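Structure, as structure tokens:
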Amino acid sequence: MRVRGIAGTVLVSCALVAAPAGLGLAAQAHDPQHAAADKAKPPAEMAAKDHAMMAEREKMMAGMKAADQQLDAVITKMNTASAMQQPAATAAVVTAMVTQSRTMRERMMKMRQGMMQHLMEHMQAGPASMAACPMMKPMADTKP
Numbered sequence: 431m432r433v434r435g436i437a438g439t440v441l442v443s444c445a446l447v448a449a450p451a452g453l454g455l456a457a458q459a460h461d462p463q464h465a466a467a468d469k470a471k472p473p474a475e476m477a478a479k480d481h482a483m484m485a486e487r488e489k490m491m492a493g494m495k496a497a498d499q500q501l502d503a504v505i506t507k508m509n510t511a512s513a514m515q516q517p518a519a520t521a522a523v524v525t526a527m528v529t530q531s532r533t534m535r536e537r538m539m540k541m542r543q544g545m546m547q548h549l550m551e552h553m554q555a556g557p558a559s560m561a562a563c564p565m566m567k568p569m570a571d572t573k574p
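Following our numbering, the numbering of the sequence shown begins with 431 at its first residue and continues without gaps.
Structural data, given as structure tokens:
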């Protein structure tokens, strides 16, 4: 019986301490001056980041195209190899494919982290910032 009384007192005390803190956070969230100060980046800086991400994407796409061309060359060698050279040529193709796969996965993971951070910055800056991002335009064009 005494334990219940102590537990109830502790619970009420915690609620009394937490309530003002929660109200203060709620007031800050709805305060227009506070919201304006929370803007992530000025529009010019955000646009520069948008263009840098697009350039990085284009660089990755060019790298993928070059990797495909290199793989095509190794496959052509494999297909034209004599019976004695066939196992080594096939091993070269497999090695090239595995290397390209690992490289691409590492690049994509790095880019994904950057993209997620970039999107969070747009979300903090507001809906107009997200709509103006060139990375979002292809996704907006595919909506029905």
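Think of the CB as a built atom: it goes at the ideal place given N, C-alpha and C, for glycine as much as any other residue.
On a predicted model such as this, the values are computed, not experimentally measured, just so you know.
Report, in whole angstroms, the separation of the C-beta atoms of Asp480 and Met565, which I expect to be a contact under 8 Å.
About 7 Å; that satisfies the 8 Å criterion.
What is the DSSP secondary structure of Pro517, reduced to helix, strand or coil?
In this structure, DSSP gives Pro517 a helical state, which the three-state scheme calls helix.
Could you give the distance in angstroms between the alpha-carbon of Ile505 and the alpha-carbon of Gly493?
So the alpha carbons of these two residues sit roughly 18 Å apart.
If I follow the unbroken alpha helix (DSSP H) through Ala562, where does it start and stop?
For Ala562, the uninterrupted alpha helix (DSSP H) run begins and ends at Pro557 to Ala562, by DSSP.
Where Ala546 falls, given that 16 or more other Cβ within 10 Å makes a residue buried
The residue asked about is misnamed: residue 546 is Met in this sequence, not Ala. Burial call: exposed.
Could you tell me the alpha carbon to alpha carbon distance between Asp498 and Ala482, rounded to whole angstroms?
Computed Cα separation, rounded: 24 Å.
Considering only the beta carbon of each residue, do Ala561 and Met476 sit closer than 8 Å?
No, they are not a contact pair.
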